[in-house]
Every structure is written in structure tokens, then in C-alpha cells.
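A.B. asks: Line by line, the protein sequences are chains A and B.
If you want our numbering, it's the position in the first sequence, counting the first as 1, plus 265.
If you want our numbering, it's the position in the second sequence, counting the first as 1, plus 265.
Every residue gets a Cβ at the ideal spot worked out from N, C-alpha and C, and that includes glycine.
2 protein chains.
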Amino acid sequence: MATRNAVVLLSGGLDSSTTLAIAKEQRFRLYALSFRYGQRHQVELQAATRIAQAIGVEEHRIIDIDLRAFGGSALTSDIDVPKGRNPNEMSDGIPITYVPARNTIFLSYALAWAEVLKSSDIFIGVNAIDYSGYPDCRPEFIQAFQTLANLATKAGVEGTAAIMIHAPLVDLTKAEIIKKGIALGIDYSLTSSCYDPSALGEACGSCDSCQLRRKGFEEAGVADPTRYCVSQVPA
Amino acid sequence: MATRNAVVLLSGGLDSSTTLAIAKEQRFRLYALSFRYGQRHQVELQAATRIAQAIGVEEHRIIDIDLRAFGGSALTSDIDVPKGRNPNEMSDGIPITYVPARNTIFLSYALAWAEVLKSSDIFIGVNAIDYSGYPDCRPEFIQAFQTLANLATKAGVEGTAAIMIHAPLVDLTKAEIIKKGIALGIDYSLTSSCYDPSALGEACGSCDSCQLRRKGFEEAGVADPTRYCVSQVPA
Numbered sequence: 266m267a268t269r270n271a272v273v274l275l276s277g278g279l280d281s282s283t284t285l286a287i288a289k290e291q292r293f294r295l296y297a298l299s300f301r302y303g304q305r306h307q308v309e310l311q312a313a314t315r316i317a318q319a320i321g322v323e324e325h326r327i328i329d330i331d332l333r334a335f336g337g338s339a340l341t342s343d344i345d346v347p348k349g350r351n352p353n354e355m356s357d358g359i360p361i362t363y364v365p366a367r368n369t370i371f372l373s374y375a376l377a378w379a380e381v382l383k384s385s386d387i388f389i390g391v392n393a394i395d396y397s398g399y400p401d402c403r404p405e406f407i408q409a410f411q412t413l414a415n416l417a418t419k420a421g422v423e424g425t426a427a428i429m430i431h432a433p434l435v436d437l438t439k440a441e442i443i444k445k446g447i448a449l450g451i452d453y454s455l456t457s458s459c460y461d462p463s464a465l466g467e468a469c470g471s472c473d474s475c476q477l478r479r480k481g482f483e484e485a486g487v488a489d490p491t492r493y494c495v496s497q498v499p500a
Numbered sequence: 266m267a268t269r270n271a272v273v274l275l276s277g278g279l280d281s282s283t284t285l286a287i288a289k290e291q292r293f294r295l296y297a298l299s300f301r302y303g304q305r306h307q308v309e310l311q312a313a314t315r316i317a318q319a320i321g322v323e324e325h326r327i328i329d330i331d332l333r334a335f336g337g338s339a340l341t342s343d344i345d346v347p348k349g350r351n352p353n354e355m356s357d358g359i360p361i362t363y364v365p366a367r368n369t370i371f372l373s374y375a376l377a378w379a380e381v382l383k384s385s386d387i388f389i390g391v392n393a394i395d396y397s398g399y400p401d402c403r404p405e406f407i408q409a410f411q412t413l414a415n416l417a418t419k420a421g422v423e424g425t426a427a428i429m430i431h432a433p434l435v436d437l438t439k440a441e442i443i444k445k446g447i448a449l450g451i452d453y454s455l456t457s458s459c460y461d462p463s464a465l466g467e468a469c470g471s472c473d474s475c476q477l478r479r480k481g482f483e484e485a486g487v488a489d490p491t492r493y494c495v496s497q498v499p500a
């Protein structure tokens, strides 16, 4: 089988980095796509660059998009990022860190690039188990985007290639994702998941994302390589 | 009935301007959204601003997005815009002026803004009759985006409001659109449809978009108020 191109959405966090490694394992030629979207945690873009290099991609593009223009989220406005929430309660309701239509926008750009690259494969690291309650991380959302993608594009209309949105983590727990990534040789110390890291890139340890990540390492029985900002870690 | 907010995609062309007037007629409070996306024809953004002012909107935002980053279209790269094609043959195949995933990206941004505005109504001026062969102007594409939108968002998940993608022009011919717009009082001299206008904003008269527009005015029996660049109009 000839190697095919895939566009992989890469935030620099644990999930998207694992997704990139899985796409590599499946022998795709990798085109990693990241966004500078006004997020507080731009440290994650440095992480994305490190991971893209470590895993080995054909090209890594960082696109500027202005989600701050609309606001509506703790990640793109001056609203405080919630800290110290109980991980078991995170899926009750949609948290304030939800960025309106973010994955829809990210996948739309991925679709544009895929179309230009003549790629019919897009990877996204969404996860419906430990998913923090975001509506656009659910399998039915991914399925609906795939349907849309096949109507939206030349390839879809001409029937030359059915576009597939791969979400290989969708049914995995955080612990399972970590085990998979370790098996694929990922160095998770290169990744960054924190919503509110220090200027040095240290994780706060108490936002939803830090807590889910830490719990994942514990449950996987793997030493957590994350650099935490000691003063911010709850006792 | 209380007035509701609607996000209206506004390019500054004939179709989106008519769509804006239709949304106004339906008593929506209007939030117009335009994009600076590396298009050759930035004159259309000036037209969008004029039309937003003339029709009267609550707010008009122009978002910078970089579709040139991906290329793949005569509208966002150095590929020549085709001229002098026969309008009856334009729907055979997808032309080089097609911008990959453009309407998917535009609608995604509209969805983000709608979510922040707590609006469940998005208007887009796509048209499947005189549609120049773009896959993302078809009714099935709009329907698929509506399905996606209701899975992608808080409102969709919480069941508080079903998002509706309004495409009021989808079944109209260009002549019918023009008649509708004239009845609503639109001054079409404010609009700009040309893919390759002169620096002064004059229309070339021979790209697909100019030809469809001109034919529309002829068939509607309405005087065409477009300013053409005389030297470029074919005999």
C-alpha cells in the first residue's frame, strides 16, 4: 500500500500527541496542524513543535485564528480558569473552558488543508470518556463532521475518495491513552496539557485538564513526567 | 415575538446582501460577519461595509483568516481567474475559483459567534441554481452543517435551542434573487460580485461571477447598476 497523507490536529497536549503517534504507526505521511487562537496557554504550541519534531512529520503548520474576537470561554477571555474541581464531576454540564465551536473550526481548517494535499484522512484526538464535558468531543459530533466533509468537498462530490475523520482515542480512558502512547515511544514530558501554565511552562496541577492527566498517569501505573509549578499544586 | 439575534454571513456580493435584507425583513437583530481571507477581491469587503450600513446591522465584524496558507484556489493564490466561460456550462465540474472548505470554515466561525450571542439562527446566501458548481453551496451541505451545529454546541446538547441554518436563496435563480432584493429596497450598486475587480472596484464583466450576475439582471428585466471596467468587457 502506498503511503497516504493525513492531516493531524496537534495541540501539543497528551491526547493529540498520542493521536499523532497512532497515525504514524498506521504509516500515514503526517501533516500536523496547530492553531494560535488566543489561548492563554500558548506554551502548548511550543509543546506541539517539540512533539512534531520528535515523532517526525512532513510538515507542521501553525495557523493564526482569532477566537478571542468572540470570547465566551475561560481559555480565550479574562474569565478565570476553574481549579480544584473533582474529576468525577467534570462531565456534569459544560465547563467555562469550553471554547465555542472550537473543534468545528479546527476540523474545517484541517479539511481545507486535506483537500489541497489530496488527503482523505484527518486525525483528531477527541475523547468521550474523560472528555471534560465538551459537546464537540463526542462520537456523534465526529460522525456528523465526516458526513459534512464528504458533502463539502470536491473529493466528496466527485466520489474520488471518501473522507474519513479518525478519532482513535474516542473510546479510551486517559489511562489507556497513556499506555498506548508509552507503547509507541512517546516522551510525555514533551507535551503540555495545562489550561493555565506558568510562564516557564509548568503545569498548575489543579485545572480540569491537569487533574484528568494526573489521574490518567496514576491509573496507568506510569510515573507522571509533568513539571508542576510546586506552589500551585494542592496538598 | 421578541426580536432574536441572527448571524448573517456577508461577503458584500449580490447574494449575501440580499440574504441580509431577507433576515431584516424577518425581524432578526442582525450581526453581519465577513472575512478577510486572502481573497484577490478585497473590494468586496468595502462593499460589505457599505451594505451593512445601508441595511442597518447591530454589528459588523470582519475576521482575518488565512486561507492563502493552504492555497488551492484561483481566489487565494496566483492561479488566474478564468474569464469568458459560458454560463450554461459553469455547473459542469468544480471550477478553479472554488476555495477548499471555505463555506465550512465560514459557517464554523458563524456558529462560534452565534453561540456567544445566544443566537440560534445563522443566514448564508448560498444558491444551488446558479451556483457555479461549488460543492459547499448545495442544500445537502447546508442540512449536514445544521445537523453538525446541533451536536457541536452547548445549546444543541442542552436542548435549549435548535440551531437553524437559513439559506433563503437556495432554490432561487439569480433573476429571482434580484427581484426579491429590489422589492426589499436593496441598492445593488453598493454590492460587488466580481472575482477579479480593478483597483477602483470596477467589475471585470467576464469572470463566472460577473457573467452570472449580469445574466441575472437581464433575466430579471432590471437595469444592471454594476460599474464595469470597460476595457475588460468582451464584445
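Report yes or no: is there a C-beta of chain A within less than 8 Å of the C-beta of T491(B)?
C.D. replies: Cβ-Cβ to chain A under 8 Å: no for T491(B).
A.B. asks: Using only the heavy atoms of the ligand HEM, determine whether one of them is closer than 7 Å to the beta carbon of E324(B).
C.D. replies: Looking for the ligand HEM in the displayed structure turns up nothing, as the structure carries no ligands at all.
A.B. asks: Could you work out which residue in V495(A), K480(A), A485(A) is closest to N351(A) when comparing CA atoms only?
C.D. replies: For N351(A), the nearest C-alpha among the options comes from K480(A).
A.B. asks: Give me the Cα-Cα distance between D386(A) and S457(B), rounded to the nearest whole angstrom.
C.D. replies: Rounded to the nearest angstrom, the two C-alpha atoms are 37 Å apart.
A.B. asks: Would you give the residue range spanned by the alpha helix (DSSP H) that I300(B) belongs to?
C.D. replies: Before going further, note that residue 300(B) is Phe rather than Ile in the sequence given. Here F300(B) belongs to no alpha helix (DSSP H); instead the beta strand (DSSP E) covers 294 to 301.
A.B. asks: Would you call D436(B) buried or exposed, if buried means 16 or more other Cβ atoms sit within 10 Å of its Cβ?
C.D. replies: By the 10 Å Cβ count, D436(B) comes out exposed.
A.B. asks: Enumerate in chain order the residues of its own chain whose CB-to-CB distance from L295(B) is below 7 Å, with the five nearest sequence positions on each side excluded.
C.D. replies: For L295(B), where only same-chain residues beyond five positions count, the Cβ hits under 7 Å are A271, V273, L285, A288, K289, V322, E323.
A.B. asks: In the DSSP assignment, what are the bridge partners of R326(A)?
C.D. replies: Bridge partners of R326(A): L298(A).
A.B. asks: Measure how close the beta-carbons of I316(A) and G277(A) come, nearest whole angstrom, since I'm counting them as under 8 Å.
C.D. replies: Contact holds; Cβ gap of about 6 Å.
A.B. asks: Please decide whether I330(A) counts as near chain B, where near means a Cβ-Cβ distance under 8 Å.
C.D. replies: Closer than 8 Å: yes.
A.B. asks: Where does the unbroken alpha helix (DSSP H) through V381(A) begin, and where does it stop?
C.D. replies: V381(A) -> alpha helix (DSSP H) spans 367 to 382.
A.B. asks: Answer yes or no: do E380(A) and P365(B) have a C-beta to C-beta separation smaller than 8 Å?
C.D. replies: Yes, they are a contact pair.
A.B. asks: Return the chain-ordered ranges of every beta strand (DSSP E) run that is complete within the region 392 to 472 of chain B and spans a minimum of 3 residues.
C.D. replies: Qualifying beta strand (DSSP E) stretches, in chain order: 429 to 431.
A.B. asks: When burial is assigned at 16 or more other CB atoms within 10 Å of the CB, is P490(B) buried or exposed?
C.D. replies: P490(B) is exposed by the Cβ-count criterion.
A.B. asks: Quick check on this structure: which residue in F406(A), D331(A), T418(A) has the alpha carbon closest to the alpha carbon of T369(B)?
C.D. replies: If we check each option's Cα against that of T369(B), T418(A) comes out closest.
A.B. asks: In the DSSP assignment, what residue or residues form a beta bridge with A271(B)?
C.D. replies: In DSSP, A271(B) forms a bridge with L295(B).
A.B. asks: Give, in chain order, every residue of the region 396 to 411 of chain B whose Cβ lies closer than 8 Å to some Cβ of chain A.
C.D. replies: Listed by position, the residues of the region 396 to 411 of chain B near chain A (Cβ gap below 8 Å) are P400, D401, R403, E405, F406, A409, F410.
A.B. asks: Is A334(A) close to chain B, meaning its C-beta is less than 8 Å from at least one C-beta of that chain?
C.D. replies: Answer yes: the Cβ-Cβ gap between A334(A) and chain B drops below 8 Å somewhere.
A.B. asks: Just mark D280(B) as buried or exposed, buried being the case when its beta carbon has 16 or more other beta carbons within 10 Å.
C.D. replies: Buried, since its Cβ has 16 or more Cβ neighbours within 10 Å.
A.B. asks: So which of L275(A), Q291(A), D345(A) has the shortest CA-CA distance to T314(A)?
C.D. replies: Looking at the Cα atoms, L275(A) is the closest of the given residues.
A.B. asks: Between which two residues does the alpha helix (DSSP H) holding I316(A) run?
C.D. replies: 308 to 320 is the extent of the alpha helix (DSSP H) around I316(A).
A.B. asks: Where does S299(A) land, buried or exposed, given buried means 16+ other C-beta within 10 angstroms?
C.D. replies: Looking at its Cβ environment, which holds 16 or more other Cβ atoms inside 10 Å, S299(A) is buried.
A.B. asks: What does the alpha-carbon distance come out to for the pair Q291(B) and D452(B)?
C.D. replies: Looking at the two C-alpha atoms, the distance is approximately 19 Å.
A.B. asks: Between the alpha carbons of A448(B) and C475(B), how many angstroms are there, rounded?
C.D. replies: Computed Cα separation, rounded: 22 Å.
A.B. asks: According to DSSP, what are the bridge partners of I387(A)?
C.D. replies: Note: I387(A) sits in a beta bridge opposite V272(A), I430(A).
A.B. asks: Looking at the C-beta of A448(A), does it have a partner C-beta in chain B at a distance below 8 Å?
C.D. replies: Not one chain B Cβ lies under 8 Å of A448(A).
A.B. asks: Would you say A409(B) and L376(A) are within 8 Å of each other, going by their C-beta atoms?
C.D. replies: No, the Cβ-Cβ distance between A409(B) and L376(A) is not below 8 Å.
A.B. asks: Residue range of the alpha helix (DSSP H) that A286(B) falls in?
C.D. replies: Its alpha helix (DSSP H) spans residues 279 to 290.
A.B. asks: Count the other CB atoms, across all protein chains shown, that sit within 10 Å of the CB of G450(B); report buried if there are 16 or more and exposed otherwise.
C.D. replies: Under this definition G450(B) is an exposed residue.
A.B. asks: Under 8 Å, do I389(A) and A426(A) count as touching if we go by C-beta distance?
C.D. replies: Not a contact, by the Cβ cut-off of 8 Å.
A.B. asks: Mind listing the chain B neighbours of L310(A)? Cutoff is C-beta to C-beta under 9 Å, in chain order.
C.D. replies: Ordered by position in chain B, no residue passes the 9 Å Cβ test against L310(A), which lies about 16 Å from the chain.
A.B. asks: Let me see if you follow: with CB-CB separation under 8 Å, is T314(B) close to chain A or not?
C.D. replies: No, no contact with chain A.
A.B. asks: What is the rounded straight-line gap between the Cα of Q411(B) and the Cα of G303(A)?
C.D. replies: Their Cα atoms are separated by approximately 27 Å.
A.B. asks: Is the Cβ of Q497(A) closer than 8 Å to any Cβ of chain B?
C.D. replies: With a pLDDT of only 48 at Q497(A), under 50, the local geometry of the prediction cannot be trusted, and no value is derived from it.
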